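Under our numbering, the first residue of the sequence shown carries the number 8, and numbering increases by one thereafter.
Glycine included, every Cβ here is placed at the ideal spot set by N, Cα and C.
Since we're looking at a predicted model, the values are computed, not measured.
One structure below.
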Amino acid sequence: MSDQEGGVLAARWWQWALSAPDDRSPVADRTGEHADWRQPDDVWFLAGTYGGQVVRRCEIPSDRPVFFPVLNIHHTKQHSRVPLKLDVTNADAHLNGVPLPLREFTAPLFRVDLRMHLAWGVWAGIAPLTPGQYVLEIKGSTSGGFWIDTTYHLTATDRAGSSGR
């Protein structure tokens, strides 16, 4: 995946994550029950968190690649005309114990409601998974003391999740 493709996916991820009402937010979700919130047809997004430890369980379709942040940040263009970055001290993701490659992407300018946003992050992608059970572990921390420890128990199926909630 090129930097441009990754940046476009990161912008799409932010638009997806920010589109959910508070009571259905995949990012605020502690269990995975809202993981299927308005998923696109060509990729499956997994949500990041607002920090701390989270364990989620969800079904994902076995015919789509998966894209998710390890650590990321967004802000309006009004706040800064250049993407802000986090001072990352640790970032890793493992699928069934196997480390996944991580990439740093800067999203192109994107719109959420009436505001233009910029974003940066450390991201990972997974090719479509064969049907079965998987454990995805995502960990990260910054020099400012922010940390995440997210575990996804994924079930890849031929008929996972509704994309229209």
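Alpha carbon of residue i to alpha carbon of residue j, nearest angstrom
i    : j    : result
D43  : T158 : 17 Å
A134 : D156 : 22 Å
D48  : Y57  : 26 Å
S26  : I145 : 23 Å
R45  : N79  : 21 Å
L109 : H81  : 18 Å
R88  : D165 : 43 Å
D29  : D36  : 9 Å
Distance between beta carbons of residue j and residue i, contact taken as under 8 Å
i    : j   : result
A98  : A17 : About 15 Å separates the two Cβ atoms, so there is no contact after all.
G132 : M8  : 6 Å
Own chain partners of residue i with C-beta closer than 8 Å, once the 5 adjacent residues on each side are dropped
i    : result
T137 : S69, A163
V15  : A114, P115
S169 : Any reading at S169 needs caution, since the residue's pLDDT is 46, under 50, leaving its predicted position unreliable; the model's value is listed next. D43.
E111 : W127, G128, V129, W130
Contacts around residue i, its chain only, beta-carbon distance under 6 Å, and the 5 residues preceding and following it disregarded
i    : result
M123 : K84, L116
S148 : T96, N97, W154
Exposed unless 16 or more other CB atoms sit within 10 angstroms - verdict on residue i
i    : result
N103 : exposed
G59  : exposed
L53  : buried
V77  : buried
P106 : exposed
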